[in-house]
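Peer 1: Each residue of the sequence shown is one higher than the one before, starting from 1 at the first, in UniProt numbering. The beta-carbon is built from N, C-alpha and C at its ideal position, and this holds for glycine as well. Since we're looking at a predicted model, the values are computed, not measured. I have a structure I would like to understand better, so I am pasting it below and will then ask my questions one at a time.
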Amino acid sequence: MENNNGKENFKNPLQSWLSITQKHELTIEAKTLVIDEVLKECCVSSVSCLEADEVAEYYDTSFEQVSSFTTVDRDYRTGAPVGIIEPLPSDSDSHTTPPLDFTREYNKNSAGVFGNPQSVPFLPGKYQATGLLSTVLISWCSIFRRNGGRSFSGEYLTCAPGLSRGCSFNNSESELSSEEESGDDEGKVTVVKSDEQAVLLNEYPANEKKTESMVIEDKRENKKEEAIVEETAKITKAQKNEAPIVTDNHLHNDEALNELYKDRAYYYASWTESEESLAAFELLRPRMAKTFSFELDLFQKQAILCLESGESVFVAAHTSAGKTVVADYAVALAHLNMTRVIYTSPIKALSNQKYRDFKRDYDNVGIVTGDVQMNPDAFCIVMTTEILRSMLYNGSEVLRELEWVIFDEVHYVNNPERGVVWEEVIIMLPKHVKLILLSATVSDVMEFAEWIGRIKQRKIFVVKTSSRPVPLEHHLYLGDIGTTKNVQIQIVDKDGNFLAENFDHAVRQKENSKAATSYKNIYKPYTGSGAAEKNLWLSLIQHLKEKSLLPMVIFVFSRKVCDTLALMLLKSSLDLTTSSEKRIIRKFFKKSISKLSANNKALRQVTQLQKMCQIGIAVHHSGVLPLMKEIVEMLFQEGRVRVLFATETFSMGINMPAKTVVFNSIDKHDGRTVRLLNPGEYTQMAGRAGRRGLDSSGTVILLCRDKIPHVSDLRTMILGSSPRIESQFRVTFTMILNLLRCQPLSPEMMLMRSFVENLSFRDIMVLNKNIETLMAEQNESQFANCVLCSQGNIQKFYRVAEECYEVARCIIWNVTKLIEPGMVIVVQLLDKWLLGLVLKKHFYKNDWIFEVFVPYRNLKPKNDKLTPDERCNQFLFYSTELECNLVEPDFRYYSILEFSLSSIVHLSNASFSVSNHQIFDDWGLSQNKHNECENDAILALIRNLHGVYQYYKSNGTRMRVPLEWCSLRNARLDITYLNRLRSSAVKFRCFCCDKFIEHFYELYRIEEKQAEVDDMKRKVDCFKLRLGPSYEKKRAVLRMMKYIDYGDVIQFPGRIACAINQNPLLYSQLLLNNKFADVTPDEVAAILSASACQYKCKFIAFHEPRLHELMNMVCDMDRRIRLVRERCDDVDDDIDDQLNFGLMEVIQKWSLGMPFGELLKITDAQEGAIVRCIQRVCELCRDLKTASSLMGNSTLTTLLDDTMNSLKRDIVFTDSLYLTV
């Protein structure tokens, strides 16, 4: 009866909130309470978020959202749970200090560096507080500045944020002249309090009560503060009534910003001055926080000066240029200032390596990753960005003392999966935290720095260098050509000059070799096996060894091919180490794997890698066991491994320079399609070549098996501009719930501060500028003032000419299959029309490319795309009968050029039978010299082309139809339509103007500008709508599932989901629906592997029926969630929410105690993939354990503890070698 009465009381929402006294009594008790009975009745049936009609209104949401702690209401007699309550603080406590500000009370329940999942974060930088929070912040800031805070004159802080008092040493600006002077003021230390005037300790005792006069003075100060707050509130209200300037985004509605960016200038991002840096650095040198054993480069000195000035800095430099020096100096500054610094990196290997480096210099260094936690209270902590994001959302108290955050390899923001985490962290960091961003060279470094500066309201100083400490030379390796062995041709020198003659020579040699294949496709499927492949690698390695170009890194974009090539060399006679080096390697291996069990020491991968390393070769990719990767890295650093087959991840940040870098191919599969390497990827990997202080230059080699890549691809890839940083920000359920949990922060705040919205902001500024320029050009245009052109409807003629151009291009595209070698064509080169003969054609990069014989000399290759002037010329060519500039052929000269289909303007019905090999051989011998052609067959061909020239010269109108001789029905219809358009175009009176062509060019440029403006408007509209609709859909899903109410107040299920980082909806539903009630620890691990597995399995077959039941249970819950999402039109698949059951049985067997070697017999997954899956399952277990604590379900907490204990064993969780050094 008592329990029933308790439940009846629970159903009354007015009785579900405790008083402030009861709250304090039950806060600690809530962590250990068991509420299985309540969950069974209310969470499963009532808060089962998929049955909307059954959910009862158990929570009173009329209150303002504030920080609260979920507790359990129990019957005071029996202790039985009767309800889940979320107490609100009383009015007396709710308005004392801002809940998100550093002045709030220190949270004693904060779980160390991780913070408390029920706490709220600190205020992000530049967040504009509203309402009550804004008033309190303004009031506090006025007190803080008056009582020792940082003043506008640049004084230092005397009271740390969040503390009640601080110290100020009142020394004069000049140093004390004698010991007597210093002794006079000894003991007079000023203590500054945040709510009183500063007093001297020797004048007023610390416990002295205030006098009446002091109380009156305090009241006067309080009245002044209230007046300031009221005045500020009036100003804020007036500002809210102002109309927006450009866009609805309040970040864009700042008149000052519009003025700052009116010329597309950068306000927050600033370049450092090189001339002033040298002199200032010399003054700093005697008192540097850390000295280095080598002379620093200019960009390093500039960055250090920025750090000494307390400024944030963005360092963009090539790989191995020395960006780490900046991070090392920031750590030294934090150590000197007794503050904290956090170092983040995108990959675990880099984090471990940096921990070892910092540990050599400082004792108090910690590391926190998904599976390792060592000394988390240290002043310098190495961690992943995911851990830092959790700290920010959980309001970790470590942030109070945090001075620097170092983002290494910040261009990782481009990563589609994890880039959103980096943006969230940058946005959520408090304003007082200074940023150090280290990146490879990117083209929009100022754009990215401007975005960070704008959302943080601070200057970001950009330090960029394009020079390399060790210059690179790029070569093509052709292998054996005839009797010539190891043909290696340099195509780019140390100064970055592309050697076109060398490239042409390489092309001729490859085409004349027996290995040359058809021209249709450059790339072929590659397996890395076969006798020819083996001989190629043995020849290359021996060739580089003779030239002293070892060690080398070979980048292969397939883990399987990496292993195949290494095993192939292992079975060969290759041996690159001496007997003494073999002994050292065996000894190092024995020591490194000493903690492994006998079974793990006998693993196939362990034994194979040991044999490989003993002959000087190794592999490095994500499929290798973490311990084995570290062994390979350390041996490679010491020079014991001469040849390393690695994937792209080896180039990410790890300090592993080599003398030579070899690219097995330059095309990679990016998850969607096979594409060429972009300049950023190539530069990142090629930058591993060249060891600073050891090599004068680095060597980069591209293997060319069947054919040499296209010249434009090589130019773009090697010498092209660096890639832009593209935002991968997306809306996630985790982000929405975490931000709604800590109002007044909001998801809208996060969206509007994302880098995506920054691009919209910048584009709006450029758009306004372009519109102004366009209007000015239209008002000043000559054709607008020309009577003949304006009354002759030149603008209408432009539309007709544009239509003629589109029809003509359509005709040529549809008959491309008719263009064969030997056909005579007319091509466009700038403002000239040239006759040519097709020699070859191939399809490349979604376009047809033609090698054309043209009887002219001194012609330079053109770009594939038409220039605006060329396109304008084609407008007039197809729509008018104006005289065209058809160039007369030279009788004794010719050239061979490549033209795209867009450059062909006419197809002739004339064709000549020629020998392509004869022409190419003669062209190769002449090498485009200015000598006259002496080949009779080629001279006869030139004479025939001259005859075609004479025909078109006398019948010019025939050349203006792309192909009048074609008999295809569709082509004839298009030609008829084109002729009708041309006949109507010539009737316009604007042709009577003497300056018609000049005016038409002017009109064309204006129309092109208008098209750019229209395109930019569409892009801006897309930016506005890119994240907004996604957020609205996901919010609708959360409302329908009762994770939040219609006032966006988070409910109990939402709080459970907040604690889960991977697939929060799925696992919160499994928890709330009590799906873990009848499962064992191994089955829990199997269930969680669905989100942790990254191994792609084509076919899934389980040996136990129970696994099918578990998989069906997870799939059924996922299907129900997807139905809700479909009802809300949220159909986009989140990368983080995809399920994969490929390793479900493997994880279960591991949890049951099966040896690692036996796991490999039931799956073809690589060892590294299995280890990573197990580690991610443990991370997910930790999240679910936190969620179970919030629910008060101790049975579930114990179950998850048992699951983690069953997984954490043996080779999967072996200590890192970097952490034991």
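1) Give me the Cβ distance between D994 and I811, rounded to the nearest whole Å; I'm assuming they're in contact under 8 Å.
2) Measuring alpha carbon to alpha carbon, tell me which of R1039, Y856, K796 ends up nearest L939.
3) Could you tell me which of P1064, L751, L1139 sits nearest to I427, measuring between CA atoms?
4) Excluding five sequence neighbours on each side, which residues of the same chain lie with their C-beta closer than 7 Å to the C-beta of L538?
5) Alpha carbon to alpha carbon, what distance is there between D361 and A1059?
6) Give me, in chain order, the residues of the same chain whose beta-carbon lies closer than 8 Å to that of Y1031; leave out the 5 immediate sequence neighbours on both sides.
7) Check the DSSP bridge columns for P124 and list the partner residues they point to.
8) Distance, Cα to Cα, G1028 vs V420?
9) Just tell me which of D831, A1092, V413, N1074 has its CA closest to the CA of T867.
10) To the nearest angstrom, how far is it from the Cα of E638 to the Cα of N352?
11) In the structure shown, what three-state DSSP assignment does H906 receive?
12) DSSP on I718, reduced to helix/strand/coil?
13) Using 8 Å as the cut-off, can you tell me whether the segment 319–338 makes contact with the segment 285–305, which would need three or more C-beta pairs spanning the two stretches below that distance?
14) Answer yes or no: the CB of E1158 versus the heavy atoms of the ligand ATP, is any distance below 7 Å?
15) Checking 8 Å against the spacing of the C-beta atoms, do L1219 and M446 come in under that value?
16) Do the segment 448–460 and the segment 671–680 make contact, defined as three or more Cβ pairs closer than 8 Å?
17) Just the C-alpha distance for D706 and E533, rounded to the nearest angstrom, thanks.
18) In this structure, does DSSP put T1197 in helix, strand or coil?
19) Out of curiosity, what's the CA-to-CA distance linking E851 and N512?
20) With a threshold of 16 other CB atoms inside 10 Å of the CB of K845, please say whether the residue is buried or exposed.
21) Are there 16 or more other CB atoms within 10 angstroms of the CB of I460, so buried, or fewer, so exposed?
22) Could you tell me the distance, in whole angstroms, from the CA atom of T369 to the CA atom of E423?
23) Within 10 angstroms of its Cβ, does P657 collect 16 or more other Cβ (buried), or is it exposed?
24) In three-state terms, what does DSSP make of T649?
25) Take E998 and list the residues in its own chain whose beta-carbon comes closer than 7 Å to its own, dropping the five residues that flank it on each side.
26) Please list the terminal residues of the continuous beta strand (DSSP E) segment that includes A316.
27) Exposed or buried, C992, counting other C-beta atoms within 10 Å across all chains shown (16 or more means buried)?
28) Determine, using beta carbons only, whether residue 1248 and P723 come nearer to each other than 8 Å.
29) What do you get for M1041, buried or exposed, if any count of 16 or more other CB atoms within 10 angstroms of its CB means buried?
30) I need the DSSP call for F555, collapsed to helix, strand or coil.
31) Check L945 in the structure and name its three-state DSSP category.
32) Comparing alpha-carbon positions, which option in Q608, R583, N600 lies nearest D563?
33) Tell me where the alpha helix (DSSP H) around M750 begins and ends.
34) Fully enclosed by the segment 1081–1107, which alpha helix (DSSP H) runs are 4 residues long or longer?
35) Measure the alpha-carbon distance for T291 versus S594 and round it to whole angstroms.
36) Take residue 1245 and list the residues in its own chain whose beta-carbon comes closer than 6 Å to its own, dropping the five residues that flank it on each side.
Peer 2: Reading off the structure:
1) For the purposes of this step, residue 994 is taken as the residue at position 994 of the sequence shown. For the purposes of this step, residue 811 is taken as the residue at position 811 of the sequence shown. That pair is no contact at about 33 Å.
2) Counting from 1 along the sequence shown, the entry for residue 939 is found at position 939. Closest by alpha carbon: Y856.
3) Indexing the sequence shown from 1 puts residue 427 at position 427. The option with the nearest alpha carbon to I427 is L751.
4) Along the sequence shown, one-based indexing puts residue 538 at 538. Closer than 7 Å at Cβ, skipping near neighbours: S572, L574.
5) Looking up residue 1059 in the sequence shown gives position 1059. Looking up residue 361 in the sequence shown gives position 361. Cα to Cα, the separation comes out at about 36 Å.
6) Here residue 1031 refers to the residue found at position 1031 when the sequence shown is read from its first residue. Correct list, in chain order: V731, I736, P747, E748, L751.
7) Numbered from its first residue, the sequence shown carries residue 124 at position 124. In DSSP, P124 forms a bridge with P430.
8) Looking up residue 1028 in the sequence shown gives position 1028. Looking up residue 420 in the sequence shown gives position 420. Roughly 16 Å between the two C-alpha positions.
9) As a first step, residue 867 is located in the sequence shown; it is residue number 867 there, counting from the start. Selected option, being the one with the closest Cα: D831.
10) If you number the sequence shown from 1, residue 638 lands on position 638. If you number the sequence shown from 1, residue 352 lands on position 352. Going from the Cα of E638 to the Cα of N352 covers about 18 Å.
11) Translated into positions along the sequence shown, residue 906 becomes position 906. Strand at H906.
12) For this step, residue 718 is matched to residue 718 along the sequence shown. DSSP places I718 in helix when its eight states are reduced to three.
13) yes
14) Inclusion of the ligand ATP in the displayed structure is not the case, the ligand content being empty and no account of it being possible.
15) Translated into positions along the sequence shown, residue 1219 becomes position 1219. Translated into positions along the sequence shown, residue 446 becomes position 446. No, the Cβ-Cβ distance between L1219 and M446 is not below 8 Å.
16) no
17) What you label residue 706 is simply residue 706 of the sequence shown in a count that begins at 1. What you label residue 533 is simply residue 533 of the sequence shown in a count that begins at 1. Those two C-alpha atoms are separated by around 12 Å.
18) Counted from its first residue, the sequence shown places residue 1197 at position 1197. Helix, per DSSP.
19) To locate residue 851, count along the sequence shown from 1; it is residue 851. To locate residue 512, count along the sequence shown from 1; it is residue 512. So the two alpha carbons sit approximately 17 Å from each other.
20) In the sequence shown, counting from the first residue as 1, residue 845 sits at position 845. Flag for K845 reads exposed.
21) The sequence position of residue 460 within the sequence shown is 460, counting from 1. Buried.
22) If you number the sequence shown from 1, residue 369 lands on position 369. If you number the sequence shown from 1, residue 423 lands on position 423. About 19 Å.
23) Locating residue 657 in the sequence shown gives position 657, counting from the first residue. So P657 ends up on the buried side.
24) Residue numbering aside, residue 649 sits at position 649 when the sequence shown is read from its first letter. DSSP places T649 in helix when its eight states are reduced to three.
25) Residue 998 sits at position 998 when you count from the first residue of the sequence shown. For E998, where only same-chain residues beyond five positions count, there are no Cβ hits under 7 Å.
26) Against the sequence shown, residue 316 aligns to sequence position 316. It spans 312–316 - the beta strand (DSSP E) in which A316 sits, taken as one unbroken run.
27) Reading the sequence shown from its first residue, position 992 is the one you call residue 992. So C992 ends up on the exposed side.
28) Look at the range of the chain in this structure, 1 to 1221, and you will see that residue 1248 is not part of it.
29) The residue labelled residue 1041 in the question sits at position 1041 within the sequence shown. The residue is buried, with at least 16 neighbouring Cβ atoms inside 10 Å.
30) To locate residue 555, count along the sequence shown from 1; it is residue 555. Strand at F555.
31) One-based indexing of the sequence shown puts residue 945 at position 945. Assignment of L945 by DSSP, reduced to helix, strand and coil, places it in the helix class.
32) The residue given as residue 563 occupies position 563 in the sequence shown. Here the closest residue by C-alpha is Q608.
33) Counting from 1 along the sequence shown, the entry for residue 750 is found at position 750. Residue range 747–752 is occupied by the alpha helix (DSSP H) that includes M750.
34) 1081–1092
35) Walking along the sequence shown from the start, residue 291 turns up at place 291. Walking along the sequence shown from the start, residue 594 turns up at place 594. Their backbone Cα atoms lie some 38 Å apart in a straight line.
36) One cannot answer for residue 1245 here, as it falls past the ends of the chain, which runs 1 to 1221.
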